[in-house]
Amino acid sequence: MTVLIAGCGDLGTEAGLRFAAQGHRVVGWRRSPGNLPPGIEGVRADLDTELPPVPADTDVVVIATAASERTEDAYRRAYVSGTSNLLDALARDGVRPRRILMVSSTAVYGDHGGAWVDEESLVDPTEPTARILHEAETLLLSRESSAILLRLSGIYGPGRTRLIDQVRTNKAVLPATPRWTNRIHRDDAAAAIVHLSTAVPSPSRCYLGSDNEPAHLADVLRFLAAELGLPNPASGASAPTRGGDKRCSNALLRSTGFDFAYPTFREGYGAVLSGIGARHR
Ligand SMILES: NC(=O)c1ccc[n+]([C@@H]2O[C@H](COP(=O)([O-])OP(=O)(O)OC[C@H]3O[C@@H](n4cnc5c(N)ncnc54)[C@H](OP(=O)(O)O)[C@@H]3O)[C@@H](O)[C@H]2O)c1
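For any residue, its number in the numbering used here is found by taking its place in the sequence shown, counting from 1, and adding 71.
Shown next as structure tokens:
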């Protein structure tokens, strides 16, 4: 079986390596495919233009592209035009994959005043970029009955150390008003992509990908400071959390038999810090 990863960046590559480890052929499409690791066949492709031939035996397609910048135009090109072009290329080449999975974001839910959200919750994006993402989701579901949406919360992991860097450089601020934040380790996100694409016989149309424990940002920052042997960050007014105040439920994903390697930020950031030798400063 061939797995096509359209937009094969950090997350797509980690998922691709996991598909390859299961013995699948993995083809990674991106505009600069030069640095893809062994195990993934890189193909130069721009989802915004004419696409290369789709491998005839493509059984799974993962859409994991990202916008190059945080503008509506870039989002529209990456997600809406990109998805539409990809579906056109599948039709053009007569390829009917068993699964098409789009990596989306819990940002589509907007702000729910700190309440729990799940797959049935009202989609009410507050940011224009999230509205465009939801437009791409709707486009995909309307054209492909086999499609699955995986709405991820904030991804962290190797090389994705924004909060750690803020604590280290004394730029972190404990928010005066508690707001919920939700996250998933990059490796769990990649594992969820593979699990939903290969191990769930009758998947739902949509899953939330977020770890077991929504957390207040202040608790995460305090944890990181303690792990780094640094004093707690100062309290103060902070910029509003992107994506809105809500708690993301992963119950549906877990009901499919998915186990998180990093169930909370504590295990996940612990692993990231070990990986970069933070405890051995
Ligand atoms: N960051 C978060 O916390 C977060 C949260 C929720 C969901 N997500 C979603 O997770 C997904 C993947 O994120 P990521 O971290 O893996 O992003 P990433 O590392 O930036 O990977 C995205 C890849 O898409 C490729 N790409 C962009 N435009 C393209 C185009 N026109 N044609 C072909 N390839 C294109 C880029 O490669 P080239 O530049 O070489 O083309 C890049 O390698 C995204 O859909 C993002 O919205 C992220």
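In this text, a Cβ means the ideal position worked out from N, Cα and C, and glycines have one as well.
Count the other C-beta atoms from every protein chain shown that fall within 10 angstroms of the C-beta of residue i, then say buried if there are 16 or more, exposed otherwise.
i	result
Leu193	exposed
Trp251	buried
Ser276	Checking the sequence, you will find Arg at residue 276 rather than Ser. It is exposed - the Cβ of Arg276 has fewer than 16 other Cβ atoms within 10 Å.
Ser281	buried
Pro168	buried
Ala349	Residue placement at Ala349 cannot be trusted, given a pLDDT of 49 that sits under 50; what the coordinates show is reported in the next sentence. Buried: at least 16 other Cβ atoms inside 10 Å.
Asp259	buried
Gly83	buried
Asn156	buried
Gly300	exposed
Ala58	The question about residue 58 has no answer here: the residues shown for the chain are numbered 72 through 352.
Ala44	Look at the range of the chain in this structure, 72 to 352, and you will see that residue 44 is not part of it.
What is the DSSP secondary structure of residue i, counted as helix, strand or coil?
i	result
Val132	strand
Arg202	helix
Glu112	strand
His351	With a pLDDT of only 37 at His351, under 50, the local geometry of the prediction cannot be trusted, and the value read off the model is given with reservation. His351 falls in the helix class under three-state DSSP.
Val74	strand
His256	strand
Val151	helix
Gly228	strand
Arg101	strand
Using DSSP bridges, identify the partner residues of residue i.
i	result
Ser176	Leu223
Ile171	Val132, Ala218
Gly184	DSSP, once it has assigned bridges, lists no residue as partnering Gly184.
Val96	Strictly speaking, residue 96 in this sequence is Arg, with Val absent from that position. Note: Arg96 sits in a beta bridge opposite Thr73.
Val244	Ala305
Can you tell which of the options has the C-alpha that lies nearest to the C-alpha of residue i?
i	options	result
Thr136	Ile111, Leu323, Asp159, Gly99	Gly99
Ala178	Thr248, Val244, Lys317	Lys317
Pro302	Ile347, Arg148, Val238	Val238
Arg254	Phe336, Arg170, Ile347	Phe336
Gly230	Ser152, Val343, Ala138	Val343
Ser306	Glu206, Gly113, Asn241	Asn241
Gln93	Ala160, Thr269, Asp290	Thr269
Leu221	Ala289, Asp117, Val133	Val133
Pro126	Pro104, Thr73, Ser175	Thr73
Ile171	Pro199, Leu75, Ala263, Thr327	Leu75
Ile203	Trp187, Pro249, Gly153, Arg115	Gly153
* For the region 268–348, list the alpha helix (DSSP H) runs that are entirely contained and at least 4 residues long, ordered along the chain. => 288–299, 322–326, 336–346
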